[in-house]
Amino acid sequence: MRKPLPPFSDHQFQAGENARLKDAFEQWLQDNSAWFWPKGATYLYPQGLNFQLLADPNNSADGYDRFLSQFFRANVRPTDHYTLSVPNSALYRLKADASGFANLFLCGDWIDFGGNVGYIDGTIQSGQQAAQALRTKMNLGGHKEIWSALKA
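Just add 1453 to wherever you are in the sequence shown, counting from 1, and you've got my numbering.
Here it is in C-alpha cells:
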C-alpha cells in the first residue's frame, strides 16, 4: 500500500488493491516459481510457472484464465491486519491472567505467552496458560503446572 487508507466510503479502493496484488503476484510467480517447482516452468517463462497446472473450479482451458480464477485479496482494511511483532512491542502483550478483571482470562497468539510472535503454537500455549490461570484462581487442585512463570 502506498498511501494512508482512504475513507470507508471509497468502495473502489479494495478492488484497486486486489488488482495491484494480482499483478504483483503474477510477476513474482513468473520470476521465481521454478525455484520452488522446477517441473512447473515453461519454455516461455523458464523461471516461472505454467498456469495450466493451477486448479480452477471452472476448468478453463486457458492457463491465464486458470490464474485469474485464484483467490486474490489484499488485506488493506484495519480490521484485516494481524498483530505485529515489532521490536520492543512485547511489553504491551498481556499475560493470560492479566486482563484486569478477576473473571476474565486471555488466550490467543496476541498475548504474552512467552514469545513476541504470532503463530499456531503460541495460540495453543496461551490456551494452556489461560487454563492453568483459571485453575489456579479457582483453587482447583490436582493439576500439573504447565507454565511455572505464570503466577495468578
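By construction, the Cβ of each residue, glycine as well, lies at the ideal position given by its N, Cα and C atoms.
Treat the numbers as computed from the prediction; the structure is a model and nothing was measured.
Residue i - containing alpha helix (DSSP H), residue span
i	result
Trp-1481	1466 to 1489
Lys-1590	1573 to 1590
Arg-1546	Premise fails: Arg-1546 is in no alpha helix (DSSP H) and is neither H nor E.
Asp-1509	First-last for Asp-1509: undefined, no H or E at that position.
Leu-1521	1516 to 1521
Nearest-angstrom beta carbon gap, residue j and residue i [assumed within contact, 8 Å]
i	j	result
Arg-1519	Leu-1507	4 Å
Phe-1525	Leu-1474	5 Å
Local Cβ density within 10 Å of residue i, reported as buried at 16 or more and exposed below that
i	result
Arg-1530	exposed
Leu-1482	buried
Ala-1487	buried
Ser-1462	exposed
Asp-1550	buried
Gly-1469	exposed
Ala-1514	exposed
Gln-1585	buried
Gly-1575	buried
Under 8 Å between C-beta atoms of residue i and residue j
i	j	result
Phe-1421	Ala-1583	Residue 1421 is absent from the model: the chain starts at 1454 and stops at 1605.
Arg-1588	Asn-1569	no
Asp-1562	Gly-1553	no
Asn-1512	Gln-1500	no
Phe-1504	Tyr-1496	no
Minimum C-alpha distance to residue i - residue among the options
i	options	result
Ala-1477	Leu-1521, Asp-1574, Gln-1585	Leu-1521
Cys-1560	Gly-1516, Val-1570, Ile-1577	Ile-1577
Leu-1537	Phe-1504, Ile-1564, Gly-1516	Ile-1564
Ala-1543	Gly-1567, Phe-1504, Leu-1593	Gly-1567
Gly-1580	Gln-1523, Asn-1471, Lys-1456, Lys-1548	Lys-1548
Distance cut-off 7 Å: residue i Cβ against heavy atoms of the ligand GDP
i	result
Pro-1491	The ligand GDP is absent from the structure shown, which contains no ligands of any kind.
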